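Structure first, commentary second.
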Amino acid sequence: MSELTIREITKSEIPKVARFIAQVLAGGNSERYDLLYERYANQLPNRPSQLAWVYRAMFRKQQIASVIHTYDFVLRYGRASLKVVAISMLCTQSQYRHQGYASALLRYTLTYTAEQGAHLVLLNSNIDDFFPRFGFSPVWASYTLSSPTALASQLKQPHQLRIATPTDLPIMAQLYNQYWGMRVTAERPMNWWRWRMEHGRGDAAVIINAKHDIEGYIWHLADDFSSLNEVVATTPKAITSALAYSGRRWQAGGYDQLIWSVPPDDVIIPYAQQMLPTTLSATFHPTGGWMARVIDASALLRELMPEIIAQAQATNLEFNPDDLIILPTPDGIDIGLQTNPKAHAHLSLRDFIQLVFGSLRPTALAVRQHLSFDSLTLLETLFPPRVAALGAWDWI
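Quick note: the sequence shown uses this note's numbering, first residue 2, plus one each step.
Now the structure itself:
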């Protein structure tokens with residue numbers, strides 16, 4: 002029997018694996034160990050999904066050397082629904098690092114996801130240069146809004162905030178769909194919302210007006226003053242109340258700046274800019290951050306085509322979808338028009354997926370890749386500006 006084995010973890014082994022993950026990631030911090038153990042032993046196994054969440058481990062002589070955790074979700078792209086497998090964690094015991102264990106485990110997982118019919122594998126990495134070796138490319142930035150806590154805390158708070166309850170979830174979901182649904186973002190069924198409220202380690206507060214109607218919500222990790230938060234506010238008074246609440250909270254925590262995870266097209270931004278000095282940031286890592294790997298280019302194109310055509314027709318009323326050519330090749334995607342050879346362009350999978358998610362504009366691509374005027378015009382028609390962003394609830 003080989004001393005190296007890769008297999009899925011059984012339910013009875015979850016506590017053992019959770020202890021392994023917590024020990025590796027906590028780095029000797031006992032408080033962080035407790036949080037990580039709770040997450041991987043109890044929270045994530047109960048996460049609702051269409052496909053089962055999965056732990057896989059590399060065993061060396063029956064001892065765990067490396068562990069990977071994946072779960073699935075649906076990524077909205079207009080009318081398209083992309084099947085995504087998320088890698089939420091990959092860790093290796095210190096004495097087994099740099100020996101190929103994590104690489105072997107990742108290859109095994111990619112093979113499995115291909116067999117399951119996933120369109121993409123997605124991850125958020127702070128490990129430079131590792132995942133690009135396996136075909137992963139950066140796909141979108143992390144966006145934040147920041148403002149001085151001293152000024153935000155002085156704002157008048159016209160609406161009250163209270164802790165959210167299960168009866169608030171349908172309205173919260175409606176607000177999320179209304180204000181986040183136009184982006185490339187995660188689909189959240191109602192059982193997902195219930196799971197997050199029951200098992201999440203953060204707090205959700207709803208913003209209520211004088212009539213007790215909900216005009217938004219704020220969710221954040223307890224005692225966490227990073228950008229791991231989600232804010233939806235639907236009126237100027239709700240936005241003002243959310244800023245005042247966060248300003249006081251961040252200031253009480255000893256921080257000079259409040260930080261919100263807010264996409265650049267959010268309705269919050271223009272209102273916040275009228276009240277406070279604000280800084281908008283987009284962090285994009287060339288070999289890390291939000292990264293994706295295309296698993297099945299043909300299946301991905303089949304799912305995307307109705308939305309791509311609809312985008313093109315909305316941009317150009319004379320666009321003829323019967324003239325469009327989008328074909329996968331061994332090293333990328335061919336795009337063109339049957340009636341115009343000058344419109345042809347060959348894109349790498351990296352460039353194609355970045356165009357799809359809006360992190361690369363055709364005009365920027367033309368700077369480093371020769372594109373004719375006709376091909377540039379076609380790409381701009383097919384891929385108008387679009388923002389991709391996941392809420393904090395979708396990942397942690």
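Ideal Cβ positions, reconstructed from N, Cα and C, are used throughout, including at glycine.
This structure is a prediction, so every number in the text was calculated from the model and none was measured.
Residue i versus residue j - alpha carbon distance
i	j	result
Leu121	His345	25 angstroms
Ile1	Asn341	Residue 1 lies beyond the residue range present for the chain, which begins at 2 and ends at 397; the question has no answer from this structure.
Met173	Asp335	41 angstroms
Ser67	Val207	40 angstroms
Pro1	Met292	Here the chain has residues from 2 to 397 only, and residue 1 is not among them.
Gln314	His286	33 angstroms
Leu176	Gln94	42 angstroms
Gln179	Ala243	18 angstroms
Ile219	Ala81	28 angstroms
Ala239	Gly217	7 angstroms
Asp332	Thr241	50 angstroms
His221	Tyr78	26 angstroms
His160	Ala234	11 angstroms
Leu113	Ile327	It should be noted that the sequence gives Tyr, not Leu, for residue 113. For Tyr113 and Ile327, the distance between alpha carbons rounds to 27 angstroms.
Ser126	Ala211	43 angstroms
Ile209	Thr236	11 angstroms
Leu37	Gln158	35 angstroms
Leu107	Asp129	16 angstroms
Leu302	Leu111	19 angstroms
Glu381	Arg250	43 angstroms
Pro46	Pro16	11 angstroms
Thr284	Gln258	17 angstroms
Ala87	Trp196	18 angstroms
Phe131	Phe353	21 angstroms
Ser349	Gln370	11 angstroms
Ser227	Asp395	16 angstroms
Ser147	Gly254	15 angstroms
Ile309	Glu14	44 angstroms
Residue i at chain D interface by Cβ criterion, 8 angstroms
i	result
Phe60	The structure shown contains no chain D, having only a single protein chain.
Per-residue burial, residue i [other beta carbons within 10 Å of its own, 16 or more giving buried]
i	result
Phe21	buried
Gln355	buried
Ala151	exposed
Asp266	exposed
Thr11	exposed
His99	exposed
Pro363	buried
Pro149	buried
Arg134	exposed
Lys318	For the sequence presented, residue 318 should be read as Leu rather than Lys. So Leu318 counts as exposed.
Val368	exposed
Ser376	buried
Glu231	buried
His70	buried
Gln252	buried
Met2	Interpretation of Met2 is limited by its pLDDT of 42, a score under 50 that renders its predicted location unreliable; the figure taken from the coordinates is listed afterwards. Classification for Met2: exposed.
Ala142	buried
Ala23	buried
Residue i vs residue j beta-carbon contact at 8 angstroms
i	j	result
Glu4	Lys84	no
Ile260	Asp204	no
Tyr56	Val18	yes
Tyr144	Ser262	yes
Met59	Ile7	yes
Phe374	Val357	no
Leu404	Met306	With the chain covering 2 to 397 only, the question about residue 404 has no answer from this structure.
Arg294	Phe137	yes
Pro264	Ser299	no
Ala311	Thr186	no
Ala393	Gly248	no
Phe115	Ile296	Reading off the sequence shown, one finds Ala at residue 115, where the question assumed Phe. Their beta carbons are under 8 angstroms apart, which means Ala115 touches Ile296 by this criterion.
Leu170	Trp194	yes
Leu162	Tyr256	no
Residue i in three-state terms, based on DSSP
i	result
Asp169	helix
Leu146	strand
Gln355	helix
Ser360	coil
Gln117	coil
Gln370	coil
Ser126	strand
Ala151	helix
Val185	strand
Glu381	helix
Met2	With a pLDDT of only 42 at Met2, under the threshold of 50, the placement of this residue in the model should not be trusted; the figure read from the coordinates follows. Looking at Met2 - three-state DSSP - the assignment turns out to be coil, as it is neither helix nor strand.
Ala390	coil
Phe131	coil
Ser13	helix
Proximity test, residue i beta-carbon vs the ligand HEM heavy atom, cut-off 7 angstroms
i	result
Asp73	In the structure shown, the ligand HEM is absent, as is every other ligand, since no ligand is present at all.
Fully enclosed by the stretch 273-327, which beta strand (DSSP E) runs are 3 residues long or longer? 280-284, 290-295
Jot down the residue ranges of each uninterrupted beta strand (DSSP E) in the stretch 196-266, minimum 3 residues, whole runs only, in chain order. 203-209, 215-222, 230-234, 258-261
Would you mind listing the alpha helix (DSSP H) stretches within the stretch 24-110 that are 4+ residues and don't spill past its ends, in chain order? 31-39
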